[in-house]
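In this text, residue positions in the sequence shown follow our numbering: the first is 16, and each later residue adds one. Backbone N, C-alpha and C fix where the C-beta goes; we use that ideal spot for every residue, glycine too. Here's the structure, in structure tokens; my notes come after.
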Amino acid sequence: MSSLRADFDELRERIKHGRELGHASFEPIFYLVFSPDQILDVKRQTPAWISKLHQDHWDVHTFSVAEHLWAYLKEDPFWALCINEDKSAPLNWERSNEALSDILTTGNGLLKRLEETLAPLEGNPKALVLVTDLEALHPFVRIGAIESQLQGKFHVPTVFLYPGIRTGKTRLKFLGFYPEDGNYRSVHVGG
16 MSSLRADFDE LRERIKHGRE LGHASFEPIF YLVFSPDQIL DVKRQTPAWI
66 SKLHQDHWDV HTFSVAEHLW AYLKEDPFWA LCINEDKSAP LNWERSNEAL
116 SDILTTGNGL LKRLEETLAP LEGNPKALVL VTDLEALHPF VRIGAIESQL
166 QGKFHVPTVF LYPGIRTGKT RLKFLGFYPE DGNYRSVHVG G
């Protein structure tokens, strides 16, 4: 298994050289795939990685899935109802997860927020979006579903820090236990 440092260095090189036109896509989407047991290591190293990307002359824009999910949930008009329902049955995780999933998927809020991050960067040759905290999507949605809905909108290099297992050139298992998914249109490094 390769090290996070080596994988990140390979990722930097791939970003510098851009994506080669392939059968799946030409959008500059990159996944740094790492074992779910390395989530804390990735969080610790992310500030240094951002610094290295700045040294490579990238204008890095970080998109934290966890922060955007939390903000979106708190803005939803049904959030207070969810809190009250949770207080009435705090151990009913299935109901809580279903309610939160409904909020997150009904309005495509996370998708819109990522799109709003990407759109103003179009045309900026030095812009790069770093998407962090993908584990916060569990158990609500998988990033592949969001990526596919944003097809055609990735005009700047976008790097997803992906906790999972690589099972082939284009197949990934989110968090290592979801069924493998081959619908990603991206370059995968590591895993």
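- Only exposed fits F41, as fewer than 16 other CB atoms lie within 10 angstroms of its CB.
- Annotation for P178: the continuous beta strand (DSSP E) segment containing it runs T173 to R181.
- Between the segment 114 to 128 and the segment 42 to 53 there are fewer than three inter-stretch CB-CB distances shorter than 8 Å, so the stretches are not counted as touching.
- No Cβ-Cβ contact shorter than 7 Å links V174 with E25.
- Counting C-beta pairs with one atom in each stretch, the segment 69 to 81 and the segment 133 to 149 have three or more that are closer than 8 Å, which means they touch.
- Counting only runs of 3+ residues, the beta strand (DSSP E) found wholly inside the segment 103 to 190 occupies 142 to 147, 173 to 181 and 187 to 189, in chain order.
- DSSP places Y87 in the uninterrupted alpha helix (DSSP H) bounded by V80 to E90.
- When DSSP reads this structure, Y193 sits in no beta bridge, so it has no partner.
- The beta carbon of L136 sits closer than 6 Å to the beta carbons of A142 and V171 from its chain, once the five residues preceding and following it are set aside; these are given in chain order.
- Within the same chain, Cβ atoms closer than 7 Å to the Cβ of D91 are found at I118, the five residues on either side in sequence being excluded.
- Judged by DSSP secondary structure, F49 falls within the beta strand (DSSP E) whose first and last residues are I44 to F49.
- In this structure, the CA atom of C97 is about 34 Å from the CA atom of P62.
- In the assembly as shown, L125 is a buried residue. Its beta-carbon has 16 or more other beta-carbons within 10 Å.
- By the neighbour-count definition (other C-beta atoms within 10 Å, threshold 16), H72 is an exposed residue.
- DSSP links H76 through a beta bridge to V144.
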